[in-house]
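Colleague: Numbering (our numbering), first residue to last: 48 to 206. For reference, the structure I am asking about is given below.
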Ligand SMILES: NC(=O)c1ccc[n+]([C@@H]2O[C@H](COP(=O)([O-])OP(=O)(O)OC[C@H]3O[C@@H](n4cnc5c(N)ncnc54)[C@H](OP(=O)(O)O)[C@@H]3O)[C@@H](O)[C@H]2O)c1
């Protein structure tokens, strides 16, 4: 299983339920990287999508502990159930947020990490893969600058 995340310099990923700095280059990278994949997402992050709607043209697996239904998504009640569902897809990607990354990271062997070189205040964080000996950065896939903010898309692999 793979994951995709955008992190700030302190590995913060969001505040107040949203991303304080979001780059259009990263949104494009996200769209292209997740195209055709099953995406695994927490209920709170789904609520932050435009209109609270699932991502188009992808199977959206939404984790919640509640007994709810949401149009056009596959509801899932545990990380273990998400792992089983992921086995039915050619490619499955964990797309957040914080609690889902934390619980699904042990099942992932590949991470697409956009490093956004800014430090807005975050209340949600991703584990620092640079400080984790089980992970290594294998490749910088893209880099650039947008509105004065430098970014790079890095590919991390589990060792
Ligand atoms: N920078 C990035 O790349 C990126 C990407 C995605 C999100 N984010 C940010 O991450 C933040 C949201 O993260 P978050 O941690 O607050 O929320 P989240 O992970 O998106 O969703 C949390 C919800 O998922 C459900 N859930 C969690 N663990 C579960 C389990 N074991 N079994 C079943 N359901 C489970 C629960 O839903 P119920 O409450 O319905 O039970 C829980 O409230 C936002 O700031 C967002 O902008 C950043």
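Note that CB positions come from ideal geometry on N, CA and C, so glycine has one too.
Give me the DSSP bridge partner(s) of residue 172.
Modeller: In the chain shown, residue 172 corresponds to position 125, counting from 1. DSSP output for residue 172 lists 59 as bridge partner(s).
Colleague: Given a threshold of 16 other Cβ atoms within 10 Å of its Cβ, counted over all protein chains shown, does residue 193 qualify as buried or as exposed?
Modeller: Numbered from its first residue, the chain shown carries residue 193 at position 146. Result: exposed.
Colleague: Does the Cβ-Cβ distance between residue 142 and residue 108 come in under 7 Å?
Modeller: Within the chain shown, the letter at position 95 stands for residue 142. Within the chain shown, the letter at position 61 stands for residue 108. Judged by beta-carbon spacing, residue 108 lies beyond the 7 Å limit of residue 142, meaning their Cβ atoms are not closer than that value.
Colleague: Which residue wins for smallest C-alpha separation from residue 214, given the options 149, 60, 68?
Modeller: Only positions 48 to 206 of the chain appear in this structure, which leaves residue 214 out of reach.
Colleague: Looking only at its chain, what residues have a beta carbon closer than 6 Å to the beta carbon of residue 130, apart from the 5 residues adjacent to it on each side?
Modeller: Residue numbering aside, residue 130 sits at position 83 when the chain shown is read from its first letter. These residues qualify, in order along the chain: 154.
Colleague: In or out: residue 115 buried (at least 16 other Cβ within 10 Å) or exposed?
Modeller: Here residue 115 refers to the residue found at position 68 of the chain shown. Residue 115 comes out exposed.
Colleague: By how many angstroms is the C-alpha of residue 95 removed from the C-alpha of residue 79?
Modeller: On the chain shown, position 32 is the one that residue 79 refers to. On the chain shown, position 48 is the one that residue 95 refers to. Whole-angstrom Cα-Cα distance: 20 Å.
Colleague: Since residue 190 sits in a beta bridge, which residues does DSSP pair it with?
Modeller: Locating residue 190 in the chain shown gives position 143, where the first residue counts as 1. Beta-bridge analysis with DSSP links residue 190 to 199.
Colleague: Do the region 172 to 184 and the region 120 to 130 touch if we need at least three Cβ pairs shorter than 8 Å?
Modeller: no
Colleague: Please indicate yes or no: does the CB of residue 110 lie closer than 6 Å to some heavy atom of ligand 1?
Modeller: The sequence position of residue 110 within the chain shown is 63, counting from 1. Yes, the Cβ of residue 110 comes within 6 Å of a heavy atom of ligand 1.
Colleague: Measure the C-alpha to C-alpha separation of residue 165 and residue 62 and round it to an integer number of angstroms.
Modeller: Position 118 of the chain shown, counted from the start, is the residue given in the question as residue 165. Position 15 of the chain shown, counted from the start, is the residue given in the question as residue 62. Those two C-alpha atoms are separated by around 14 Å.
Colleague: Measuring alpha carbon to alpha carbon, tell me which residue in 106, 163, 179 is nearest residue 135.
Modeller: Counting from one through the chain shown, the residue named residue 135 turns up at place 88. Measuring from the Cα of residue 135, the nearest candidate turns out to be 106.
Colleague: Is the Cβ-Cβ distance between residue 161 and residue 84 less than 7 Å?
Modeller: Locating residue 161 in the chain shown gives position 114, counting from the first residue. Locating residue 84 in the chain shown gives position 37, counting from the first residue. It is not a contact, given that the beta carbons lie outside the stated cut-off.
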